[in-house]
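Residue numbers (my numbering): 256 to 692.
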């Protein structure tokens, strides 16, 4: 708008189908069964682990249809009122998500039984396979939710070099979850409706056009109902809450070629969901608390007119479980470091404009070691992967781009659990053609 205002609206519609046919490897027990006739002579430990140790190939099939619709509209405007300069931002967003999960039916349920053959540590790739295409699918559960939020934020110039920030956001979410019993055909349904406020406040000091310093405070909440965690327990549980405090700075070089962002942060999660020993079958207990503190650094700029660099680094030396669950075990007790919290992580990326049409890039992503949930006493080692990029400008409207991820095909643990890990994505080439109209 002519009066220093802007209205921006985005609509995103998505429809996805997922057919995951994976197996989680487990040590075989000491007693054989019909599906797993081979057994280990004793419980597997680090001392007796050998190439002859028997492994079970567990089945973890996930067949899902997911549909989503997101609408977001933001209004920003600068104006003077009561002798002060205001930078006002307001907005509304709406989200609708639907997910249907299918499960293979057993022979007793009208489907087929597919049993994966066992193997050993010494011969994990023995060529054995099963025909997953024989599966007969039935609806296992269905989830749908509708949420909306409105917010208002104002950045006010109260004095030369000084600004104050204040903001409020209100969110409402309603979710419905249906669980289908594949044996009886019965349906169990759960519902949840949550409304809550979030706040934001801060102070900004800008002594020059190249230096700015800020202190901010914000609250947020995490509903117990979403496409992954909604069940009979979470449907009766209020949201988790978080508080984030940050002290930071932005410093530009004298020639404006480089910009550095620094931030000291502390994030505290309160009302963490835990098992309620007195009402374990009906609700979770909001009794947990944990926090993490650290430093985040971002550096971006141009070494030359053609050469750009970007560096991002996060250091989390402090991470602590302040209040543990009443039934907490190893790896989740008070005073321990929370799982899935690496001390070091970051990215280094650079691009070079070879010609007016051709741009090349490459970078490194890294993360230090971390422990899985309910830490059983081991950790996944840190890793680093290399990515490459090439971009070619065909004309003013068409751009061809190729991204080669994990060039070295590095094997690393991306998601960690107490009994297994999910490998990160291997070497992957993606070619895209962008067209502007």
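Glycine included, C-beta positions come from ideal geometry on N, C-alpha and C.
Query	Result
Reduced DSSP category for residue 364 - H, G, I as helix; E, B as strand; rest coil	helix
Reduced DSSP secondary structure (H/G/I, E/B, other) of residue 389	helix
Span separating the alpha-carbon of residue 452 from that of residue 661	41 Å
Sub-9 Å separation of residue 654 and residue 684 beta-carbons	no
beta-carbon residue 632 near the ligand SAM non-hydrogen atom, thresh 8 Å	In the structure on display, the ligand SAM does not appear, and there are no ligands present to speak of.
Alpha carbon of residue 345 to alpha carbon of residue 421, nearest angstrom	12 Å
Short Cβ contact (9 Å threshold) for residue 658 with residue 643	yes
DSSP three-state assignment for residue 655, whether helix, strand or coil	strand
Assigned exposure category for residue 444 - 16 Cβ within 10 Å defines buried	exposed
C-alpha gap between residue 415 and residue 465, whole angstroms	15 Å
Residue 258 in three-state terms, based on DSSP	coil
Nearest-angstrom Cα separation, counted from residue 380 out to residue 328	52 Å
Backbone CA spacing between residue 409 and residue 496 [nearest angstrom]	24 Å
Proximity test, Cβ basis, 9 Å: residue 348 and chain D	Going by chain labels, chain D is absent from the structure shown, which holds only one protein chain.
Separation of residue 608 from residue 617, as counted between CA atoms	12 Å
Proximity below 9 Å, CB of residue 553 to CB of residue 512	no
Three-way DSSP call (helix, strand, coil) for residue 446 in this model	strand
Under the three-state DSSP convention, the category residue 673 falls into	coil
Bridge partners - residue 337, DSSP secondary structure assignment	DSSP lists no partner for residue 337.
Sequence-distant residues of the same chain with beta carbon closer than 7 Å to residue 407, five excluded per side	345, 422, 423
C-alpha distance - residue 681 paired with residue 316, whole-angstrom precision	20 Å
Residue 509 versus residue 558: straight-line alpha-carbon distance, rounded	14 Å
Reduced DSSP category for residue 574 - H, G, I as helix; E, B as strand; rest coil	strand
Sequence-distant residues of its chain with Cβ nearer than 8 Å to residue 482 (five each side left out)	For residue 482, the predicted structure reports a pLDDT of 47, less than 50, and the residue's modelled location is therefore unreliable. A value from the coordinates is still provided. If we look at residue 482 and ignore the five residues flanking it on each side, its Cβ neighbours are 321, 352, 354, 398, 400.
Same chain, Cβ closer than 7 Å to residue 370, five either side skipped, listed in chain order	290
Residue 564 - DSSP class collapsed to helix/strand/coil	strand
Close-in-space but distant-in-sequence residues of the same chain around residue 691 (CB under 6 Å, 5 per side omitted)	652
Rounded Cβ spacing between residue 391 and residue 366 (contact assumed at less than 8 Å)	4 Å
Cα-Cα separation between residue 348 and residue 402, rounded to whole angstroms	8 Å
Straight-line Cα distance separating residue 323 from residue 633	38 Å
Contact check, residue 332 vs residue 261, beta carbons under 9 Å	yes
As assigned by DSSP and simplified to three states, the class of residue 663	coil
Identity of the residues DSSP links to residue 294 by a beta bridge	According to DSSP, residue 294 bridges with nothing at all.
Residue 546 (DSSP reduced to helix, strand or coil)	strand
Residues near residue 278 in its chain [Cβ-Cβ closer than 8 Å; skip 5 each side]	312, 313, 314, 315, 371
For residue 524, three-class secondary structure by DSSP	strand
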